[in-house]
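> Before we start, here is the structure in question, set down as structure tokens.
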Amino acid sequence: MRMMVTLCSSSLDTLKNTAKFRTSGEIGFFDRVSYFRNANPLYKWIVDDSSITQEPKAMSFLLTRDYTESVKDIVRDQLSSIETSIRVTIAILPNGFVNILAEDPDHQRFRVRDVPGVVEPHIFQSPKYGGTSDAKYTNGVDSISMKFNTEISQIVGYTNHDAVQSQSSVEVTVNKDSFSLCYTVNGQQRLVIPANTFVFETSKDAELIRILAENSGADEWLQKVLKSTSESYKFKGYTEQIPHGPSCVGLTLEHVKHVDSSFDLKLMGLCHRLTDNLDFECSIDYESRERLTEPHRSSNNTHFSDKHLTVGLYGSCPLLYSLESNISTGVIVLNTSDTLVDFMQNGDNKISEWTNESGVLDLYMFTSESIEQNAQKVSEFSGRIPMPLETALGHHQCRWNYFTQFEVEDLNQKLVEHNVPTDFIWLDIEHTNSKVYFTWDKEAFPNPKAMYDALVEADRQLVTIVDPHFKDYRFAEADEKRKTEALKRIQYSNETTEKLTEEEKLSMETLDEEAANHYLAPEAISKGLVVMDNKGKEFNGFCWPGTCVWIDFLNHEAQQYFGNQYLHSDHLQRLPHVHVWNDMNEPEVFLSETEASMPKTNIHKVTCCILNNEEHTYEIKNFEFEHRDVHSLYALTNQKATYEGLSHKKIELDGQHKHLRPFSLSRSYFMGSQKYCAMWLGDSTCSWEHLAKYIQMCASIALSGFSFCGPDIPGFWGNATPELCTRAYQLGCLFPFFRSHSDRLNDRREVYLFDSPYKQAMTNAIVTRYELIPYYYTQFYHHHISSLPIINLVIDYESGEIHRDQLFIGQTLITKAVTQEEAKTVSVYLPEYETGDFWYQRHCSEVYSSKSLVEVEVEISEQAQVPIFVKGGSIVPEHFNIQQNEVRSLWEMRKTGVSQVKLYIYPDENHKAKGYLYEDDGFSTDYTHQKYNLIIFSYSCVNSKDKLRVKYLNRGYDRKTSFIARVITKDKEVSFEMDEEELDIKM
């Protein structure tokens, strides 16, 4: 028998949000670098002329330090002990990327690019790839420049033939004295690294600061800097070790406004955060260097709290775009250590100032005509999303927690009774035996396989949670003692649990024999596959199960071991319709003094693929690096392990066993994670304020390559009013990932529990999602083939205004979030991207001109629909009769073997329209072998005669599809089946 004390909501809030995030002045490396940046340079970097080498697509040189005269006077006799040089390589890469790599030639430092899964291998493999000419060099007395031309092809349609060509002339100029750099495209400066702003600390800097401090007398600042370069520094009583000395890298980038832009330059990026990351405000005054606000912290942090507005949330992507009317320049600063970014304004130009705690400087610069084209380049750089399970585009029902098998089966039945389409039911941590993943609480879930079978019989699938920490039972006795002491102090009631420490609360669950003897943690420890501390022992931290170890996913062997657990004969996850939720993978560590994560001095065995530039081959090596170097990469390697494990699962389709597409969800992420999983925004609060941020967050994530994303609906923490729930469903149903979720202590809020009109309005939103799945699935294919984001911001490119409460879905649909209580109407801005654009409200014939505001009624009623507008000239494929046919799930629709699609035709001003439909089996990887259908629909009306041409662009999947085509401006419909390569249909 297990007994568990239920934690009250305030206790859980405390547990999740007590992370001690430091201010910039409390971060030793940042405070040190800021000191020298502001007014106290010790040296300048100069190019060693004799070290310059030139290749067809790259040049390299050494930077050496030229110390100031005052420094030379102090260190003259010891100059040889502090001499430092940095190797800089400037390379031309595919898709017009220019890469600047600065590294210490004398020491092996961590390079993110070497870890498989982040950057696509072709980026570095072939010097001839990417349509760039060889560089032409001019080596003068004061500077050296490299010029080259690019010719880039970017897919804009649904086939490789639908591409646009762009040509550019690029020049990179390096000033030799007081190293600076200018990146120019078509004669216009785009980026400048100003003189005396490059930062690259080495182990010799500690010696330099020590010598200067010893000879500076009572220089208070220098004494403070000395402390931050010594072996450790303290933060609120915690001593953080820095055994390898200072290792900071950084640079300043001036983003130059284009002369022809019609509005002020904006900078956006750094993925999702609670502040406005679509136009960063200045954090430092450019002239005075006075700090105005905290810098933006870009690393994987565990919080969704308005108390830490400039601290990034669960994932990170070190990427910035400039937004201008006719051009966009992007930068990637590829680094996974703790990163802080300041912003400044210099006249018309914006400045971003980057500071990384460790690693190397690995900068990528690129320019396109628009942010969308730059987003394509980023996806090509870090990898495209594979086609997802089609059913994963349906509605997901989750809660922390459904506590028993009976609850799950009852939920399944209630969804059927109330006609709420749902494809996935999720189980959070409470389904496990004592929080031991891959196990089941056998009292609450006596027969998980029977539960699974019942879900499959109802055409639904299951998702279970698997976190990266596992109970270390060598500490079970200590955990049990802590629990026993706690029991002596309290009685079993919610009120008295407030007297417990958080550690005691988490220890209240009694372990049974199965959990205590689970093999995974001791086996991983014995194989050396867990994260180690800096003393060579397994790192032990505290999380849901008690004292835990963490799998070292940076180690490829650990990835394989973990991935194989999903195939284990004793684990339900081996079955085809059980999928995975990877949570807590920032990684989060409870009760931690190191900002809710593990100590930076922990040691990872990192598997790297080192490129041999001469032979263009890779060599696999393992290195030991500190957690400070790889922190933000932990989640990606966790996801990669899960993806590769799940990719071995098979499913029976059409009498054949085929490889099943993996489906998993992650809270944390880094650039490249999109190849392995979907992601959600994390533990948001049920509030109008957070609802208003969802579009900004998801769109900025999509522009970073992560289109398969969405928030918790209606939010995780706290209760939501019926009105707020309804508005959250009306918006949430249109994000690529659509999941209802809740904290376990909130009121139950499954849709069927609400009264009219809210119940029906929310159901209508879910039905809208199921109607639009053919369109969404086609957009996923479009993203897969073109890398264009599935969702996007609505931007007025004449004024630069970003409509933060509106969302572009594909290239056709626009929706508007309703984020005000008791709203009866909303105003929707309809943009013009091509002359003559006009819009329709979905399923309505009235036409609205572009560049206009349209007032739409949004009062909640049983007939309330989601406000959606459709661009004229579009054909939108939809499912129909979802509620009339009492559709339980998309999977149920698939099992019928017949696809029914309605084509809604919205003619443009020339009475023409075009659209696409993508189809495959929805489950297997056969699509990678051309086993899919891609159909193009072309409508025209000449002399009042309506004609629809239907043509297969690819026909590799045997599926019978029945169509109904409807011209939205006329009372005309026609039904047909696509049984030929091409059809001409008169309407």
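With numbering that gives the first Met the number 0 applied, the sequence shown covers 0 to 986. Note that CB positions come from ideal geometry on N, CA and C, so glycine has one too.
Could you say if the stretch 319 to 335 and the stretch 710 to 717 meet the contact criterion of at least three C-beta pairs nearer than 8 Å?
The stretch 319 to 335 is not in contact with the stretch 710 to 717.
> Please say whether residue 314 and residue 706 have beta carbons closer to each other than 9 Å?
Taking the first residue of the sequence shown as position 1, residue 706 is located at position 707. Taking the first residue of the sequence shown as position 1, residue 314 is located at position 315. Contact: no.
> So, at 6 Å on beta carbons, what are the nonlocal neighbours of residue 850 in its own chain, with the 5 sequence-adjacent residues on each side left out?
Within the sequence shown, numbered from 1, the residue matching residue 850 stands at position 851. 831.
> For residue 944, tell me which candidate among 966, 986, 980 has the shortest Cα-Cα distance.
As a position in the sequence shown, residue 944 is number 945, starting the count at 1. For the residues 966, 986, 980, the minimum Cα distance to residue 944 belongs to 986.
> So the alpha helix (DSSP H) residue 405 belongs to, where does it begin and stop?
Here the question's residue 405 lines up with position 406 in the sequence shown. Unbroken alpha helix (DSSP H) run through residue 405: 404 to 416.
> Given this structure, state the Cα-to-Cα distance separating residue 800 from residue 270, to the nearest angstrom.
Counting from one through the sequence shown, the residue named residue 800 turns up at place 801. Counting from one through the sequence shown, the residue named residue 270 turns up at place 271. Cα-Cα distance, rounded: 19 Å.
> Alpha carbon to alpha carbon, how far is residue 394 from residue 899?
On the sequence shown, position 395 is the one that residue 394 refers to. On the sequence shown, position 900 is the one that residue 899 refers to. Taking the straight line joining both Cα atoms gives about 19 Å.
> With 16 as the cutoff for other CB atoms within 10 Å, does residue 964 come out buried or exposed?
For the purposes of this step, residue 964 is taken as residue 965 along the sequence shown, with counting starting at 1. Buried is the call here.
> Can you give, in chain order, each stretch of the alpha helix (DSSP H) that sits fully within the stretch 164 to 229 and has at least 4 residues?
Counting only runs of 4 or more, we get 203 to 213, 219 to 228.
> Does the stretch 297 to 305 come close enough to the stretch 73 to 83 that 3 or more CB-CB pairs lie under 8 Å?
Touching, no.
> Tell me which residues share the same chain as residue 120 and place their Cβ nearer than 6 Å to its Cβ, disregarding the 5 neighbours each side in the sequence.
Translated into positions along the sequence shown, residue 120 becomes position 121. Correct list: empty, nothing qualifies.
> With a threshold of 16 other CB atoms inside 10 Å of the CB of residue 449, please say whether the residue is buried or exposed.
Within the sequence shown, numbered from 1, the residue matching residue 449 stands at position 450. That one is exposed.
> Whose CA, out of 53, 432, 526, lies closest to the CA of residue 604?
Mapped onto the sequence shown, residue 604 falls at position 605. The residue with the shortest Cα to Cα distance from residue 604 is 526.
> Just verifying my parser: in three-state terms, what is the DSSP assignment at residue 927?
Here residue 927 refers to the residue found at position 928 of the sequence shown. It is helical.
> Can you check DSSP and say which residues form a bridge with residue 716?
Working through the sequence shown from its first residue, we reach residue 716 at position 717. Answer by DSSP bridge pairing, in chain order: 684.
> Quick one: grab the DSSP three-state call for residue 970.
As a position in the sequence shown, residue 970 is number 971, starting the count at 1. Coil.
> Closer than 7 Å by C-beta to residue 161: which residues in its own chain qualify, once you throw out the five before and the five after it? Chain order, please.
Residue 161 sits at position 162 when you count from the first residue of the sequence shown. Contacts found: 154, 155.
> Can at least three beta-carbon pairs, one atom from the stretch 780 to 794 and one from the stretch 430 to 449, be found at a separation below 8 Å?
No, the stretch 780 to 794 does not touch the stretch 430 to 449.
> List the residues that DSSP assigns as beta-bridge partners of residue 148.
One-based indexing of the sequence shown puts residue 148 at position 149. Partner(s): 168.
> Can you list, in chain order, the residues of its chain with a C-beta nearer than 7 Å to that of residue 824? Leave out the 5 residues immediately preceding and following it.
What you label residue 824 is simply residue 825 of the sequence shown in a count that begins at 1. Around residue 824: 854, 855, 856, 857.
> Count the other CB atoms within 10 Å of the CB of residue 925; is the residue buried (16 or more) or exposed (fewer)?
Position 926 of the sequence shown, counted from the first residue, corresponds to residue 925. The residue in question, residue 925, is buried, as its Cβ has 16 or more Cβ neighbours within 10 Å.
> Could you tell me whether any non-hydrogen atom of the ligand NAD is closer than 8 Å to the CB of residue 228?
Because no ligand of any kind appears in the structure shown, any question about the ligand NAD cannot be addressed here.
> State the CB to CB distance for the pair residue 993 and residue 932, rounded to an integer number of angstroms; the pair is presumed to be in contact (CB under 8 Å).
What the structure shows of the chain is the stretch from 0 to 986, and residue 993 is not part of that stretch, so it cannot be assessed.
> Could you check the C-alpha separation between residue 594 and residue 26 for me, to the nearest Å?
Indexing the sequence shown from 1 puts residue 594 at position 595. Indexing the sequence shown from 1 puts residue 26 at position 27. The alpha-carbon atoms of residue 594 and residue 26 are separated by roughly 11 Å.
> Figure out for me which residue from 169, 381, 266, 163 has the closest Cα to the Cα of residue 149.
One-based indexing of the sequence shown puts residue 149 at position 150. It is 169.
> Beta-carbon within less than 6 Å of residue 429's beta-carbon, same chain only, minus the 5 sequence neighbours each way: which residues are those?
Here residue 429 corresponds to residue number 430 of the sequence shown, with the count starting at 1. These residues qualify, in order along the chain: 400, 402.
> By Cβ distance below 6 Å, which residues in the same chain neighbour residue 237 in space, the five residues on each side in sequence not counted?
The count along the sequence shown starts at 1 and reaches residue 237 at position 238. So the list reads 592, once near-sequence residues are dropped.
> Which one of 654, 913, 758, 627 has the shortest CA to CA distance from residue 338?
Within the sequence shown, numbered from 1, the residue matching residue 338 stands at position 339. That would be 627, whose Cα lies nearest to the Cα of residue 338.
> What is the residue span of the alpha helix (DSSP H) that residue 439 lies within?
Residue mapping note: residue 439 aligns to position 440 of the sequence shown, counting from 1. Run containing residue 439: none; DSSP gives neither H nor E here.
> Which term fits residue 697, buried or exposed, when burial requires 16 or more other beta carbons within 10 angstroms of its beta carbon?
As a working mapping, residue 697 is identified with position 698 in the sequence shown. By the neighbour-count rule (16 or more Cβ atoms within 10 Å), residue 697 is buried.
> Whose C-beta lies closer than 6 Å to the C-beta of residue 417 among residues of the same chain, with five residues either side of it excluded?
As a first step, residue 417 is located in the sequence shown; it is residue number 418 there, counting from the start. Hits under 6 Å: 751.
> Assign residue 459 to one of two classes, buried (16 or more other C-beta atoms within 10 Å of its C-beta) or exposed (fewer than that).
The residue you call residue 459 lines up with position 460 of the sequence shown. By the neighbour-count rule (16 or more Cβ atoms within 10 Å), residue 459 is buried.
> Hey, which unbroken runs of the beta strand (DSSP E) at 3 residues or more fall wholly within the stretch 812 to 875?
Those beta strand (DSSP E) runs which fall completely within the stretch 812 to 875 and span 3+ residues are 812 to 815, 824 to 829, 837 to 840, 846 to 848, 851 to 856, 867 to 870.
> For the putative contact between residue 828 and residue 793, defined by C-beta atoms under 8 Å, what is the C-beta separation to the nearest angstrom?
Along the sequence shown, one-based indexing puts residue 828 at 829. Along the sequence shown, one-based indexing puts residue 793 at 794. That pair is a contact at about 7 Å.
> When you compare only the Cα positions, how much space is there between residue 174 and residue 23?
The count along the sequence shown starts at 1 and reaches residue 174 at position 175. The count along the sequence shown starts at 1 and reaches residue 23 at position 24. Their Cα atoms are separated by approximately 31 Å.
> So the beta strand (DSSP E) residue 912 belongs to, where does it begin and stop?
Stepping through the sequence shown from its first residue, residue 912 is reached at position 913. 911 to 918 is the extent of the beta strand (DSSP E) around residue 912.
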